[in-house]
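Before any comments, here is the structure.
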Amino acid sequence: MDSSAMRFRWTSTLLTILPFVPPLYLIRFQIAFLPTTVLELYIGILFGTFLFEGRSQAIINGWKNLGHFRFPLIAWLITTLIAIFISPSLITGLGLWRAYILEPALIFFILCSVRAFSPSQTELSPASRLLANRITHSLFLVTLIVTGWAVIQFVTGRGIPHPWDVSIAAGRRATGPFPYPNALALFVVPIGALALTKLSSLRSILPFVTVIAAFLACLLARSDGGLIALSAATWLTLFFSPPFSIPNTRYTIPIRKILIAVTTLILLLIALIPKLHQPILHELTFQNWSGKVRMYMWRDTRAMLKDHWFFGAGFGGYPTVFKSYQRTTGIEVFQYPHNIVLNVWSETGLPGLLAFASILLIWVYSVFRRSSSVYAIPDSRYPILLLPLLVILIHGLIDVPYFKNDLAIVFWLLIWITTQSSTPSVPLSPAPAGSPSTTRV
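In terms of this note's numbering, the sequence shown opens at residue 7 and continues consecutively.
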């Protein structure tokens, strides 16, 4: 056992359990006069344990292992902290900053600190690979749990908040443990995309079941954005898959060719049959009520940002500032404008938007950098690790994939897993002789 594993024994245990805790942000209470949640209490215990086990060396390790994320993360912390003082409510802004920015950043810092390399410094130590495996499996298991919850809700009709607690024929939508349907989809879709990167063979039972569960959760929640995002990720996974060899035979199944042929056929059928393409076109052009609400909201949000282009509305200030710009009557004022760019811009201002964009760019850079460092010849299938980011961006076109307690935690867990600790389990071309070996998680 390496020294990092021995030093951070309890921290590693708490990190393994962490993926099960984010939905518990809904359990709220007060300690003295401070409002908090079970999730925040757990993060506090985790951070305290980390400091106790690692002491000053833990801080040094974390700072060093942040690597290229170091300065984008600092910029994100500073710009969002400034946004608190722009907010119409300082107390509200501070509470949201603590939950959405500070605590997820602490978790990422802890993960980077406990990470340990083998003596060669080219791959993770066995204990660190084991921790990454355990956290990944915990994410998959919590997806199965919340999907199972949603199935029971949908079948029985019990435990679904109003107004989604109608009959199945009338459009019942499951929410799982969350307060609204889209929250369920936003939680499971990025994890489902992560599971797609682990589908190395038919023996990958847990990742495969997780992908199915994520699709099922989106169907029960009736989340079009979630289904589109996860379908796109699945298509890319199949596209980058090599031909499948049939056991005990010389035959292979050309997955990519079949996928292209089937996709072309489906697109032709949709284009030629009005009953197929009209509803899809209606949905894609935002002609339904949900789409129109978003179009109105985006239009009015852009008007707001013309006057508040640099600092935005401040952290938690969007509903208050937006009211005077809302031109469409009869539509509620949402907490966020339901578009990832407008969400971040309105909450954190232009500096925060640039800081967030830099985090995403470093995420992409880190994956491609690992591709070229792990393989003597960069493999085109290695960027499959970016599927979680892809679904976040696709879903973020029409929703809020970050500003929520559980989503912010999962966001940073996914960054760590895909950039710091993992290689894809989608079969890759073998590296030339003498090149560094791969480390599979």
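Ideal Cβ positions, reconstructed from N, Cα and C, are used throughout, including at glycine.
- A buried status is given to PRO389, since no fewer than 16 other beta-carbon atoms sit within 10 Å of its beta-carbon.
- Going by beta carbons, SER119 and GLY60 fall inside the 8 Å limit.
- In the DSSP assignment, ILE272 forms no beta bridge with any residue.
- Here ARG104 carries a helix assignment [DSSP, helix/strand/coil].
- Note on geometry: alpha-carbon atoms of THR98 and GLY297 lie some 29 Å from one another.
- Here PHE115 has GLY68 as same chain residues with Cβ atoms under 6 Å from its own Cβ, once five neighbours each way along the sequence are excluded.
- With a cutoff of 8 Å on beta-carbon distance, THR291 and SER352 are scored as not near each other.
- Setting aside the 5 residues that flank it on each side, VAL44 is surrounded in the same chain by LEU30, ILE33, each with a C-beta closer than 6 Å to its C-beta; the list follows chain order.
- By the neighbour-count definition (other C-beta atoms within 10 Å, threshold 16), LEU367 is an exposed residue.
- Just measuring C-alpha positions, the residue of ILE211, VAL397, LEU419, ASN411 sitting nearest VAL195 is VAL397.
- Nearest neighbour of ALA414 by Cα position, chosen from ARG104, MET310, ARG135, turns out to be ARG104.
- Contact between the stretch 152-168 and the stretch 196-205 is absent, with fewer than three C-beta pairs closer than 8 Å.
- Excluding sequence positions up to five before and after ASP171, its CB lies within less than 8 Å of the CB of GLY163, ARG178, all in the same chain and listed in chain order.
- A straight line joining the alpha-carbon of LEU192 with that of VAL327 spans about 26 Å.
- Per the C-alpha coordinates, the member of ALA176, LEU278, ALA89, GLY165 positioned closest to PRO357 is ALA89.
- Listed in chain order, the non-local C-beta contacts of ARG76 below 8 Å within the same chain comprise TRP69, local neighbours out to five positions each way being set aside.
- Taking a C-beta distance under 8 Å as the contact criterion, LEU137 and SER18 qualify as a contact pair.
- Between LEU200 and THR142 the beta-carbon gap is near 7 Å, inside 8 Å, which marks them as a contact.
- By the CB criterion at 8 Å, PHE245 and ARG256 fall outside the cutoff.
- For the pair SER62 and LEU117, the Cα-to-Cα distance works out to about 16 Å.
- Residue range 40-43 is occupied by the beta strand (DSSP E) that includes LEU40.
- If you look at GLN284, you'll find it in the alpha helix (DSSP H) that goes 280-290.
- Taking a C-beta distance under 8 Å as the contact criterion, VAL370 and LEU359 do not qualify as a contact pair.
- Boundaries for ARG34: no alpha helix (DSSP H) harbours it, while the beta strand (DSSP E) harbouring it runs 34-37, taken from the DSSP string.
- Between ASN188 and SER229 a beta carbon distance of about 6 Å is seen, short of the 8 Å cut, so the two are scored as contacting.
- If you draw a straight line from the Cα of LYS281 to the Cα of ALA176, it is about 22 Å long.
- Bounds of the alpha helix (DSSP H) holding LYS312 are 295-313.
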